[in-house]
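Just so we're aligned, residue 1 is where the sequence shown starts under this note's numbering, counting upward by one.
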Amino acid sequence: MGAKVCGISCRHRHTETVDISQSFEFLGPSVSMGKYFLVMKQELLINIQKEMRIAAGAEKLFCVTKDRKTRARVKELRSSSEKKVKDLYTSLHKLNEEIAQWREEENAPGKI
Numbered sequence: 001m002g003a004k005v006c007g008i009s010c011r012h013r014h015t016e017t018v019d020i021s022q023s024f025e026f027l028g029p030s031v032s033m034g035k036y037f038l039v040m041k042q043e044l045l046i047n048i049q050k051e052m053r054i055a056a057g058a059e060k061l062f063c064v065t066k067d068r069k070t071r072a073r074v075k076e077l078r079s080s081s082e083k084k085v086k087d088l089y090t091s092l093h094k095l096n097e098e099i100a101q102w103r104e105e106e107n108a109p110g111k112i
């Protein structure tokens, strides 16, 4: 619903990457990688939902606004929010790739 409202299609989500492995330097030995990935993924999904609601609201506001200056500000807000959603989807895609790679390494036959 939200992706259609703010004009975002699936094929435009993967334009920017985030290196997740840099974040692992701050992990202590008590935090497992699986839990870390789960927390990161949940945070990304919450942020995506929030930004999609903002973009949907900006879209509705843009449709009903008549004043040219206000309409320009709302259009800028809408564009900014749509860009954030795209960036968050890109980060989610990168995180999913990291999770898949981690699972492959965990299930490797040479792993002791």
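All residues carry an ideal CB built from backbone N, CA and C; glycine is no exception. Quick caveat: nothing in here was measured; it's all calculated off a predicted structure.
The way I'd put it, the region 91-102 does touch the region 41-48; three or more beta-carbon pairs between them come closer than 8 Å. Ile54 and Ser81 have their C-alpha atoms spaced approximately 7 Å apart. Rounded to the nearest whole angstrom, the C-alpha separation of Leu88 and Tyr36 is 17 Å. Shown here, Ser32 sits in coil according to DSSP, grouped into three states, outside any helix or strand.
Runs of the beta strand (DSSP E) lying entirely within the region 52-86, each at least 3 residues long, are absent. Contact annotation: Ala58 and Leu77 have beta-carbon atoms nearer than 9 Å. A residue is called buried once 16 or more other Cβ atoms fall within 10 Å of its Cβ, and Val74 is buried on that count. Look at Ala100 here: in three-state DSSP terms it is helix. Beyond the five residues adjoining it in sequence on each side, Thr65 comes within less than 7 Å, by CB distance, of Arg71, Val74 in the same chain, given in chain order. Under the three-state reduction of DSSP, Asn107 is assigned to coil, being neither helix nor strand.
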